[in-house]
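**Student:** Residue numbers (my numbering): 1414 to 1645.
Beta carbons are placed, not taken as given, at the ideal position from N, Cα and C, and that holds for glycine.
Here the structure is a predicted model, which means the values were calculated and not measured.
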DNA sequence: GCGACAG
DNA sequence: ATCTTGTCGC
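Given below as structure tokens:
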């Protein structure tokens, strides 16, 4: 898929924050999909324990059957240190490169992390959505900002994640009696639709199948068991 | 000032 | 994120 980037990529913390504050105005939290969702992509990054090496992976699945349609991966390094609130600047360059070599343009992108449920309302999912123009949402394993009342213990239960009364996401129970995941809007989708997709994609495990596949591929590639950009 | 802090 | 043994449960 094509992804255009004209601005220089931030190098410092202040430049990164500045970019987030500027780009967040482009985020739209409403459903904008004009055609049925056929393909859903999951993205994830794996890091090497003692080197700046990292592997980014994308897996495109058929929305209905969850069968793998195409994959893409890349191994590279990063200079941007991990900093809560700015970790998108660590992962995005590699993810964009992996997405670019995709021949398919996914109808939906599922990110490993938050979207609007971020200190400046512009997490990785929002950033990737604005960069690609594709509807995105984030599914995180832990809360970053906000408060919530634990949803009922049965699969499908949800409860709002709020910051000073503002709903920034939702705690979604994807499995009976298992810790909920935290869903938030990235771009061009509503929270309800994102939550519904999360449940659909997490029928047998706590995390969406998209995220699980991308996570596994990124680790395999980083370990050298699978060659990068091998395609689907 | 202190603690918390997506991956 | 990554490092790790055993353990509880379906």
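Mind checking whether residue 1600 and residue 1440 have CB atoms under 7 Å apart?
**Tutor:** Their beta carbons are under 7 Å apart, which means residue 1600 touches residue 1440 by this criterion.
**Student:** Would you grab the beta carbon distance between residue 1499 and residue 1429 for me? Rounded to a whole angstrom, and I think it's under 8 Å.
**Tutor:** 5 Å
**Student:** Which one of 1570, 1563 and 1615 has the shortest CA to CA distance from residue 1477?
**Tutor:** 1615
**Student:** Are at least three pairs of beta-carbons, each pair with one atom in the segment 1588–1608 and one in the segment 1447–1457, less than 8 Å apart?
**Tutor:** With the cut-off at 8 Å, the segment 1588–1608 and the segment 1447–1457 do not touch.
**Student:** Quick check: the segment 1519–1539 against the segment 1561–1568, are there 3 or more CB pairs under 8 Å?
**Tutor:** Three or more Cβ pairs closer than 8 Å define a contact, and the segment 1519–1539 falls short of that threshold against the segment 1561–1568.
**Student:** Write down the C-beta distance between residue 1538 and residue 1597 rounded to the nearest angstrom, noting that I regard them as a contact closer than 8 Å.
**Tutor:** 7 Å
**Student:** Tell me the start and end of each unbroken beta strand (DSSP E) in the segment 1480–1568 that is at least 3 residues and wholly inside, in chain order.
**Tutor:** 1481–1490, 1521–1525 and 1549–1553
**Student:** Among the candidates 1638, 1485, 1492 and 1472, whose CA atom is the shortest distance from the CA of residue 1464?
**Tutor:** Nearest Cα to residue 1464 within the set 1638, 1485, 1492 and 1472: 1492.
**Student:** Looking at C-beta atoms only, is the number of pairs between the segment 1627–1639 and the segment 1472–1491 that lie closer than 8 Å three or more?
**Tutor:** yes
**Student:** Pull up the CB-CB distance for residue 1515 and residue 1471, whole angstroms please, since I reckon it's below 8 Å.
**Tutor:** 6 Å
**Student:** Could you pull the start and end residues of the alpha helix (DSSP H) that residue 1430 belongs to?
**Tutor:** Note, residue 1430: alpha helix (DSSP H), 1426–1436.
**Student:** Count the other C-beta atoms from every protein chain shown that fall within 10 angstroms of the C-beta of residue 1578, then say buried if there are 16 or more, exposed otherwise.
**Tutor:** exposed
**Student:** So for residue 1457, helix, strand or coil by DSSP?
**Tutor:** strand
**Student:** How far does the alpha helix (DSSP H) with residue 1604 in it extend, from its first residue to its last?
**Tutor:** 1604–1614
**Student:** If I'm right that residue 1556 touches residue 1595 with Cβ under 8 Å, what's the distance once you round it to whole angstroms?
**Tutor:** 6 Å between Cβ atoms; contact.
**Student:** For the beta strand (DSSP E) holding residue 1628, just list the boundary residues, first then last.
**Tutor:** Taken as a continuous stretch (DSSP letters only), residue 1628 belongs to no beta strand (DSSP E), being part of the alpha helix (DSSP H) at 1622–1636.
**Student:** Does the Cβ of residue 1434 have 16 or more other Cβ atoms within 10 Å, making it buried, or fewer, making it exposed?
**Tutor:** Only exposed fits residue 1434, as fewer than 16 other CB atoms lie within 10 angstroms of its CB.
**Student:** Name the DSSP bridge partner or partners of residue 1597?
**Tutor:** 1551
**Student:** Should residue 1631 be labelled buried (16 or more other beta-carbon atoms within 10 Å of its own) or exposed?
**Tutor:** Classification of residue 1631: buried, given that the 10 Å Cβ count is 16 or more.
**Student:** Count the other CB atoms, across all protein chains shown, that sit within 10 Å of the CB of residue 1622; report buried if there are 16 or more and exposed otherwise.
**Tutor:** With 16 or more other Cβ atoms within 10 Å, it is buried.
**Student:** Measure how close the beta-carbons of residue 1416 and residue 1545 come, nearest whole angstrom, since I'm counting them as under 8 Å.
**Tutor:** Between residue 1416 and residue 1545, the beta carbon gap of about 6 Å places them in contact (Cβ cut-off 8 Å).
**Student:** Is it the case that the Cβ atoms of residue 1571 and residue 1558 are separated by a distance below 7 Å?
**Tutor:** no
**Student:** Ordered along the chain, which non-local residues of its own chain (more than five positions away) have a Cβ less than 6 Å from that of residue 1527?
**Tutor:** 1536, 1551, 1553, 1557 and 1597
**Student:** Which residues in the same chain as residue 1640 place their Cβ atom closer than 8 Å to its Cβ, once the five residues preceding and following it in sequence are excluded?
**Tutor:** 1634
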